[in-house]
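Read the structure below first, then the notes.
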Amino acid sequence: MVKVRVPYHITGFWLPILKDDVYATGSLGAGVVLGTYVEAYPCARKLNDKVISRAFELLNLEDGVYVCLDEPRPVRVGYGASAARALAAALSVGLPRGLSFCTICREVHRAEVELGTGLGDVLAESVGVGVVYRIEPGAPCVGVADFIVPREDAAVITLPLGQMDTAFMLRQFRDRIVEAGKRAYSAFIRNPSFEKFLECAHRFSREVGFLSREYEEMLLKALSMYLSRGDVLGYFIKKRLLVLLVEKRSAVEIADILSMDVGAPVYIDPISLQGIHIVYERAGDKVEEAAIHGQREGSKQL
1 MVKVRVPYHI TGFWLPILKD DVYATGSLGA GVVLGTYVEA YPCARKLNDK
51 VISRAFELLN LEDGVYVCLD EPRPVRVGYG ASAARALAAA LSVGLPRGLS
101 FCTICREVHR AEVELGTGLG DVLAESVGVG VVYRIEPGAP CVGVADFIVP
151 REDAAVITLP LGQMDTAFML RQFRDRIVEA GKRAYSAFIR NPSFEKFLEC
201 AHRFSREVGF LSREYEEMLL KALSMYLSRG DVLGYFIKKR LLVLLVEKRS
251 AVEIADILSM DVGAPVYIDP ISLQGIHIVY ERAGDKVEEA AIHGQREGSK
301 QL
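FYI, the numbering for the sequence shown is 1 to 302, going by my numbering.
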């Protein structure tokens, strides 16, 4: 049996790039990849998901939509979950049938673009490490992305504050996303760094309207001690997902405070040091292969 694990990706800022060629359509921007994964594996359950169904149709895998997904994070919040679950499902079925990694990723990207569920998550998740920034828009093996290795002492805290459909977001906030995205990407790409990513993501989320004054004031008040001593490295909101990059040593304390103040589920995750990887299981033996090797850490929910 083949299991495929795909990491979640949270975009901090982006600029949509729409072209006639669906494989060249995508976005410029940057986001953080979590060391927490969607896992897909064959089972007797037929998935009912429009992105997965379209990707399987494009790959001529319609007979293989019998896949189970282990999903530790909610969908339609801002985790890049639609791309992660579609990639995991398509790779778990397509790779054993001889399809190449690039072929599968391209068609999952096409499905995301056609259905309005994403522009850059498939490319970012195919890289799968650290802070990924997209240099040329498009599908994996068409677009170009690079990554910054994260600080060793950094963790990611996320709080889902509600749901927001990506297609709705792109319609409702399009003009602001384009203008703020141009400024953020231009500022970041001159000198890409972890610190610059946090600065640009924060400004972008305020300018677009994701990060309201109300939430910012709540954060400044609740976390004043941790902000003053530098334990909060940065924060932003993507869609309806509050994201904080913090020092690992204070992550649990900060998450506890936010959980009490906001009353929403709070998750603590490492930043990914290992991208998409495959687990082969045969007769009780397990052999694990990774596209990018690294230490894999656990995650915690409060």
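Glycine included, every Cβ here is placed at the ideal spot set by N, Cα and C.
Note that the coordinates shown come from a computational prediction; the quantities given were computed from them, not determined experimentally.
A contact between stretches requires three or more CB pairs, one per stretch, nearer than 8 Å, and the stretch 178–187 fails this requirement with the stretch 122–132.
With respect to P7, V33 sits close: the two C-beta atoms are nearer than 8 Å. Taking 8 Å as the cut-off, the Cβ atoms of L15 and L28 count as close. Taking a contact to require three or more Cβ pairs closer than 8 Å, the stretch 34–46 and the stretch 59–79 qualify as touching. In this structure, DSSP gives S27 an extended state, which the three-state scheme calls strand. Straight-line measurement puts the Cα of L99 at about 9 Å from the Cα of V93.
Rounded to whole angstroms, the gap between the alpha carbons of D175 and V22 is 21 Å.
Out of P96, R97, A81, the CA that lies nearest to the CA of H109 is found in A81. Taking 8 Å as the upper bound for CB-CB distance, I148 and S193 are in contact here, some 7 Å apart. Looking from the CA of V252, the closest CA among L59, T158, G234 belongs to T158. The DSSP-derived three-state label of L18 is coil. A contact between stretches requires three or more CB pairs, one per stretch, nearer than 8 Å, and the stretch 268–283 fails this requirement with the stretch 198–216.
Contact between I237 and L211 is confirmed by a C-beta separation of about 4 Å, below the 8 Å threshold. Beta-bridge annotation (DSSP): A155 is paired with V246, P270. For D261, the enclosing alpha helix (DSSP H) has its first and last residue at 251–262. Across the set V232, R240, K248, V4, the C-alpha of R240 shows the shortest separation from the C-alpha of V208.
Excluding the 5 residues flanking it on each side, A155 has same chain C-beta neighbours closer than 8 Å at L245, V246, E247, K248, A251, I268, D269, P270, I271, in chain order. Annotation for S126: C105, P140 place their beta carbon closer than 6 Å to its own, counting only its chain and skipping 5 residues before and after.
Rounded to whole angstroms, G118 and R151 show a C-alpha spacing of 27 Å. Here L34 carries a strand assignment [DSSP, helix/strand/coil].
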